[in-house]
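Here you go:
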């Protein structure tokens, strides 16, 4: 049974930082491209960042220079370090594991940026 469990969300003031974690089980983690998506109220889910099994990374323009995705294959965990957070970053953040035609999702973690 595949499980992706996100953690690390919460309430933070503008300019603050959070680190999200996503622990995976039931997959050969090192083979998967791992991604973070987010969905703000009333908006479609969007890709925030991904990291391939070869450690190549890519980011949506709005988070470049502020967010960093990383992975620890020994811990089957992917991280999203989020700095200089803005109110428009408020969303539910989801972890995704993708390989060929397989895709798995976590349950999401809420990030709220507000003063």
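Residue numbers (the working numbering): 682 to 796.
Note that beta-carbon positions come from the ideal geometry of N, C-alpha and C, so glycine has one too.
Identity of the residues DSSP links to residue i by a beta bridge
i           : result
residue 760 : 702 and 751
residue 684 : 706
residue 737 : Per DSSP, none; premise fails for residue 737.
residue 729 : The partner list for residue 729 (beta bridge, DSSP) is empty, contrary to what the question assumes.
residue 777 : 716 and 786
residue 691 : 792
residue 772 : 792
Distance between residue j and residue i (C-alpha atoms, nearest Å)
i           : j           : result
residue 762 : residue 700 : 4 angstroms
residue 792 : residue 725 : 16 angstroms
residue 702 : residue 777 : 12 angstroms
residue 728 : residue 756 : 23 angstroms
residue 708 : residue 771 : 29 angstroms
residue 775 : residue 787 : 6 angstroms
residue 684 : residue 737 : 23 angstroms
residue 719 : residue 731 : 12 angstroms
residue 785 : residue 742 : 24 angstroms
residue 753 : residue 704 : 10 angstroms
Other residues of its chain near residue i: CB distance less than 6 angstroms, five sequence neighbours each side excluded
i           : result
residue 697 : 766
residue 764 : 698 and 747
residue 690 : 790, 791 and 792
residue 694 : 796
residue 750 : 730, 732, 738 and 761
Where residue i sits in the DSSP three-state scheme
i           : result
residue 795 : coil
residue 765 : coil
Beta-carbon proximity list for residue i, same chain, < 7 angstroms, skipping 5 on both sides
i           : result
residue 692 : 793 and 795
residue 739 : 730 and 731
residue 779 : 713, 714 and 716
Residues of its chain near residue i, where Cβ-Cβ distance is below 8 angstroms and the 5 sequence neighbours each way are ignored
i           : result
residue 782 : none
residue 734 : 711, 712, 713 and 714
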